[in-house]
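A quick write-up on the structure given underneath.
What follows is the structure, given as structure tokens:
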């Protein structure tokens, strides 16, 4: 007799929101020549963060500080909020899972955009929520449509990423500020700012930690180059932040990540270098696209959506050929966004490989026979 | 208006299963002189594991391998089971949370022992389960009482740790094998073997991965000295192991921990040194207790329950004085186990401090005025 799983768990697929590059590599039987598909920061973490993580490795026999006290206070100072407004977690993925668990029970409604972050959807489905997806407006998530749906369905949660993933676009701060102001008070607005450090400073509205129904997510996975360390944070009202203590894995944020994050945050000069590298890489991806007669979606992130100029089937073939040729990229999952492939900011060598392989992939994709 | 938390979450306290030593230190305003309260391995991780973690820190810009392929296969070879029997997770704490989530919904019954691992209870309560606690039989968890309760309450889950925490005792393999054989097929037996590497080899029954309703938990937090890295694993039938893919945070096991764990597993010579150090430390704790007229509970773990010879109030005063004097220890939470304080295997310096402070703590505790 199989274990008596809950009724909900019985309905869930054994799914993964993304196939990881290592899985592709095992299937291919050889490593990628360019790993520019997961919006990782190929420029790596600050050397000071690496040093802090090595030092922490010696000390890793100790459990982490369950309160993440030092990091929490450093982040509070950095953002000019109180420590009680900060929640440290195992990346934004981990924090999104917790916020969904706290708010969503079976048949509760959650609003997101069709084509937006799949891991958020994985969590909502995993806790029995009903996802309602609204279309993008062009290459932008549509705040008005999201709020209309939240009102119409009395949603517990509404999700938006600014800057957006997978398209890389961003709304200006006033648009997001208006969205915050107009969110139904019964709905918690999840504002995913994973890519904020790559964007123009004027896209993020000021942090107002008195608003009870907004939670903003930041991470060390992207601009700080620490995706594998699994550490991110949320900024919220004290009440919402405190509620995480009801459900979080209190000793779950690993010690090496906590120490590394603190050192990374202190090294803002290194962050500035990464930001400059990303701006240069975005320009190069645009130029490579143009060399192939393709346009790009203007990006405020560390990736660029390259418009392959035809439909989703064509872009999918381009992507398959690139992956086969050793260039790991990904693409949006729904039309019309899926006319694009999504290319992360790479090193010069990564983008040399992309430049060399893209024409072949386009040629092969044009002739599916 | 506060966020609309789920009905279950509204009932949960903002609790933490344990107060961490860093929290105590901040309250005291100074560091502990001996950190021997959380059953961490003061002997640290293998130097080869530290080296692997440092190397991984350079590469931490990459997300982890979501399948933990290399580590999973290394563990499968180590235990002579198939990779499909292994689940890698964020420590046993993380894995326990997932197994509870998969099996327990509101009003489902779960069986454990009164005084056993609080974090398991935290997860059960967190998912709405009803805990039924059976007493220890002396200083041992009571397999028959646990199974009787599982049958009587049609329990979804029954939890036992072998060796036990907080008492340090262990049943022989035949007792646990009989418990596995006699577990109701409707009940999943959670066998927590976090301390197995410190015990006599004959306490763990052979791994039989055909049994659908048993899941065994191991960790790199204890004997491998990597508590702060947050990595552990479960061994189960392929069906139960696969079910984790429905709910786990697929990219959640940090890359540094995966690399460190692999190197730690390979360095069995270092593990043997740690095991010898722990045996010596247990003997020394016993001798220190004897010097103070106290006895100990025979231990199969990296900690020793020191019987303070009176009731729980007395032991609690002893513990408070020790903590105040700079020696971090913990104690069981329920009578009659709470006549003991729980002292982790320490370095010579740690146990020198314990030897110096215990008599003062006993003296102060004897005169509460």
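Chains as they are written, first to last, in my numbering: chain S, 32 to 400; chain P, 32 to 400. Ideal Cβ positions, reconstructed from N, Cα and C, are used throughout, including at glycine.
Query - Interface flag, residue 239 of chain S vs chain P, CB-CB below 8 Å - result: no
Query raised in the report: For a contact meaning CB atoms closer than 7 Å, what does residue 96 of chain S contact in chain P?
Result: 51, 53
Query raised in the report: Along chain P, which residues have their Cβ under 8 Å away from the Cβ of residue 193 of chain S?
Result: Neighbours of residue 193 of chain S on chain P: none; closest Cβ ~20 Å, over 8 Å.
Query raised in the report: Quick one: Cα of residue 107 of chain S to Cα of residue 76 of chain S, how far?
Result: 21 Å
Query - Proximity of residue 71 of chain P and residue 63 of chain P at Cβ, strictly below 8 Å - result: no
Requested in this report: Note down, in chain order, each residue of its chain lying with its Cβ closer than 6 Å to the Cβ of residue 301 of chain S, except the 5 sequence neighbours on either side.
Outcome: 77
Query raised in the report: Given residue 206 of chain S, which residues of its chain have a CB within under 8 Å of its CB, disregarding the five upstream and five downstream residues?
Result: 174
Query raised in the report: If you draw a straight line from the C-alpha of residue 141 of chain S to the C-alpha of residue 294 of chain S, how long is it?
Result: 36 Å
Report task. Ignoring anything shorter than 3 residues or poking outside the region 309-380 of chain P, list the beta strand (DSSP E) runs there in chain order. Result -> 334-338, 371-375
Requested in this report: Tell me, please, whether the CB atom of residue 116 of chain S is closer than 8 Å to any CB atom in chain P?
Outcome: no
Report task. Pick helix, strand or coil for residue 124 of chain S, following the three-state DSSP scheme. Result -> helix
Query raised in the report: Going along the chain, which residues of its own chain have a beta-carbon closer than 6 Å to the beta-carbon of residue 83 of chain S, five neighbours each way excluded?
Result: 290, 291, 294
Query raised in the report: Checking contacts by CB at 8 Å: is residue 408 of chain S closer than that to chain P?
Result: With chain S covering 32 to 400 only, the question about residue 408 of chain S has no answer from this structure.
Query raised in the report: Leaving out the 5 sequence neighbours to the left and right, which residues in its chain are closer than 7 Å to residue 102 of chain S when beta-carbon positions are compared?
Result: 119, 289, 292, 293
Query raised in the report: Which residues, in order along the region 272-290 of chain S, keep a beta-carbon less than 7 Å from a beta-carbon of chain P?
Result: 273, 274, 276, 277, 278, 280, 281, 282, 283, 285, 286, 287, 288
Query raised in the report: Name the chain P residues that come within less than 7 Å of residue 263 of chain S, Cβ to Cβ?
Result: Chain P residues near residue 263 of chain S: none, gap ~11 Å exceeds 7 Å.
**Report entry** CB contact check: residue 45 of chain S to chain P, cutoff 8 Å
**Finding:** yes
Query raised in the report: Would you say residue 36 of chain S faces chain P, with C-beta separation under 8 Å as the test?
Result: yes
Requested in this report: Closer than 7 Å by C-beta to residue 242 of chain P: which residues in its own chain qualify, once you throw out the five before and the five after it? Chain order, please.
Outcome: 211, 268
Query - Residue-chain proximity (residue 72 of chain P, chain S), Cβ-Cβ < 8 Å - result: yes
Query - chain P within 8 Å of residue 124 of chain S, Cβ atoms only - result: yes
**Report entry** chain S residues whose Cβ lies nearer than 7 Å to that of residue 61 of chain P
**Finding:** Chain S residues near residue 61 of chain P: none, gap ~15 Å exceeds 7 Å.
**Report entry** CB contact flag (residue 229 of chain P, residue 254 of chain P, <8 Å)
**Finding:** yes
Query raised in the report: Quick one: complete beta strand (DSSP E) runs, 3+ long, within the region 138-191 of chain S?
Result: 140-144, 161-165
Requested in this report: Within 10 angstroms of the Cβ of residue 257 of chain S, are there 16 or more other Cβ atoms? Answer buried if so, exposed if not.
Outcome: buried
Query - Contact list for residue 134 of chain S against chain P, beta-carbon separation under 9 Å - result: 34, 35, 36, 37, 40
Query raised in the report: Does any CB atom of chain P fall closer than 8 Å to the CB of residue 297 of chain S?
Result: no
Query raised in the report: Would residue 263 of chain P pass as a contact of residue 282 of chain P if the rule is Cβ separation under 8 Å?
Result: no
Query raised in the report: How about residue 34 of chain S and residue 244 of chain P: do their beta carbons lie closer than 8 Å?
Result: yes
Query raised in the report: Buried or exposed: which applies to residue 59 of chain P, given that a residue is buried once 16 or more other Cβ atoms fall within 10 Å of its Cβ?
Result: exposed
Query raised in the report: In chain order, what residues of the same chain lie with their CB nearer than 7 Å to the CB of residue 334 of chain S, ignoring the 5 residues before and after it?
Result: 70, 199, 373, 374, 375, 376
**Report entry** Nearest candidate by alpha-carbon position, reference residue 378 of chain S, set S:89, S:178, S:148, S:316
**Finding:** S:316
Query raised in the report: DSSP three-state call for residue 226 of chain S: helix, strand or coil?
Result: coil
Query raised in the report: Per the contact definition of three or more C-beta pairs closer than 8 Å, is the region 314-332 of chain P in contact with the region 121-138 of chain P?
Result: no
Query - Segment contact, 8 Å Cβ cut-off, at least three pairs: the region 35-48 of chain S with the region 347-363 of chain S - result: no
Query raised in the report: Since residue 258 of chain P meets chain S, which of its residues come closer than 9 Å, beta carbon to beta carbon?
Result: 91, 92, 93, 94, 95, 282, 286
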